[in-house]
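S.K.:
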Amino acid sequence: MSSAPTIERVEVHAFTVPTDGPDGVEQDGTLTWDSTTMVLVLAHSEGQVGLGYTYGDVSVASFIESKLSGVVLGADSLAPPAATEKMLVAIRNAGRPGAGAMAVSAVDVALWDLRARLAGRPLAEVLPRFHDEVPVYGSGGFTNYPLDRLAGQLGGWVEHGIGRVKLKTSRDPTADPERLAAARDAVGAGTELFVDANGALTPKEALSWARRFHDEWGVTWFEEPVSSADLDGLRLVRERGPAGIEIAAGEYAFVRGISRTCWARWTACRPTSPAVAA
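In this text, residue positions in the sequence shown follow full-length UniProt numbering: the first is 1, and each later residue adds one.
1. Count the other CB atoms within 10 Å of the CB of Pro135; is the residue buried (16 or more) or exposed (fewer)?
2. Using only the alpha-carbon positions, how far apart do Glu251 and Tyr137 sit?
3. Under 8 angstroms between the Cβ atoms of Arg171 and Leu150?
4. Give a yes or no on whether the minimum CB-CB distance between Leu88 and chain D is below 8 angstroms.
5. If distances are taken between C-alpha atoms only, which option among Ile91, Arg240 and Ile247 comes closest to Ser227?
6. Beta-carbon within less than 6 angstroms of Arg211's beta-carbon, same chain only, minus the 5 sequence neighbours each way: which residues are those?
7. Where Trp266 and Leu88 are concerned, what is the direct C-alpha to C-alpha distance, given to the nearest angstrom?
8. The ligand ADP heavy atoms versus the CB of Leu78: any closer than 7 angstroms?
9. Between the C-alpha atoms of Glu224 and Glu26, what's the straight-line distance to the nearest angstrom?
10. Only counting the same chain, and skipping five residues up and downstream in sequence, which positions put a Cβ closer than 7 angstroms to that of Leu123?
11. Per DSSP, Met38 forms a beta bridge with which residues?
12. Pull up the DSSP beta-bridge partners for Gln153, would you.
13. Answer yes if the region 175-189 comes into contact with the region 201-220, meaning at least three C-beta pairs across the two stretches below 8 angstroms, and no otherwise.
14. List the whole-angstrom C-beta distance separating Ser59 from Ala101, where the pair is believed to meet the contact cut-off of C-beta under 8 angstroms.
15. Can you tell me whether Lys204 is buried or exposed, with buried defined as 16 or more other CB within 10 angstroms of its CB?
16. Indicate whether Leu51 and Val107 have their beta-carbon atoms separated by less than 8 angstroms.
17. When the Cα of Gly21 is compared with those of Asn144, Phe222, Ala175 and Ile91, which residue comes out closest?
18. Taking all protein chains shown into account, do 16 or more other C-beta atoms lie within 10 angstroms of the C-beta of Leu207, making it buried, or fewer, making it exposed?
19. For Ser45, list the residues DSSP reports as bridge partners.
20. Determine, using beta carbons only, whether Asp34 and Pro18 come nearer to each other than 8 angstroms.
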């Protein structure tokens with residue numbers, strides 16, 4: 001009886017890519033940045049290589065090397081959940097949310113990708129699959145984009161068959177009406193228009209804007225109108241906002257318990273919008 005394959009080697013790489021926004025920066029409702037860092041993990045077993053990644057600081061790569069690589073070496077390549085539970089125990093004192101969760105997620109994704117490759121099956125079947133297909137949307141429309149670039153980006157996605165597009169809002173609310181009008185004109189009436197405030201607004205401001213977004217520009221998805229940590233505010237916007245616009249949050253719910261809390265407390269945010277491998 002042959003033994004189960006094991007994790008033989010873990011590689012970690014970090015790549016920092018400059019943004020291509022105006023003057024080399026991009027902005028949303030609450031943050032400005034000039035680069036994005038991707039941390040890549042490669043897990044080796046039986047001649048197969050699983051790939052996982054996350055975004056985050058370069059320190060996430062060091063975290064993986066110092067805290068996690070040794071934990072998964074020698075682990076059963078066919079049992080990713082067991083290895084992930086060991087990683088979560090290993091980072092207890094370092095903190096699970098934030099960088100710790102990013103590090104675990106990158107390795108976890110690599111282990112699942114490896115598991116699928118060893119089985120010679122698509123990962124969707126190994127997990128297993130719950131849906132045959134899922135809708136996608138184009139996400140960008142940063143707040144510092146000039147109107148022509150904003151319209152070109154969103155309209156370009158529609159030309160490629162993407163029926164839902166999202167732009168960032170609420171950094172300068174006085175500029176948003178012109179930006180929303182340009183976006184709607186660029187994508188046409190048949191495209192779903194989403195907005196993302198990245199937690200820039202107060203609950204009362206968010207309620208007012210939810211009505212305007214929906215009534216004036218046909219917005220159907222309002223992401224992080226207030227901070228994801230403000231569950232009372234999310235609930236207020238969801239319950240009192242106009243019918244026909246979804247209130248979404250969850251991108252920064254780094255661990256399962258936070259996401260469950262969001263759902264359990266009045267279903268404050270529905271749908272959730274987790275950032276995969278983050």
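Using N, Cα and C, we set each Cβ at its ideal position, and we do this for glycine too.
M.R.: To lay it out plainly:
1. exposed
2. 15 angstroms
3. Against a cut-off of 8 angstroms, the Cβ pair of Leu150 and Arg171 comes out as no contact.
4. As a matter of chain content, chain D is missing from the structure shown, which is built from one protein chain.
5. Ile247
6. Pro242
7. Confidence at Trp266 is low in this model, with a pLDDT of 46, below 50, so its placement is unreliable and the value that follows should be read with caution. Approximately 28 angstroms between the Cα atoms of the pair.
8. Of ligands this structure carries none, so the ligand ADP is not represented either.
9. 18 angstroms
10. Trp112, Asp113 and Ala116
11. Phe15 and Tyr55
12. Gln153 pairs with nothing; no bridge assigned.
13. With the cut-off at 8 angstroms, the region 201-220 and the region 175-189 touch.
14. Not confirmed; about 13 angstroms, so no contact.
15. exposed
16. no
17. Of Asn144, Phe222, Ala175 and Ile91, the smallest CA-CA separation from Gly21 is found for Asn144.
18. buried
19. The partner list for Ser45 (beta bridge, DSSP) reads Gln48.
20. Yes, the pair counts as a contact, with Cβ atoms nearer than the cut-off.
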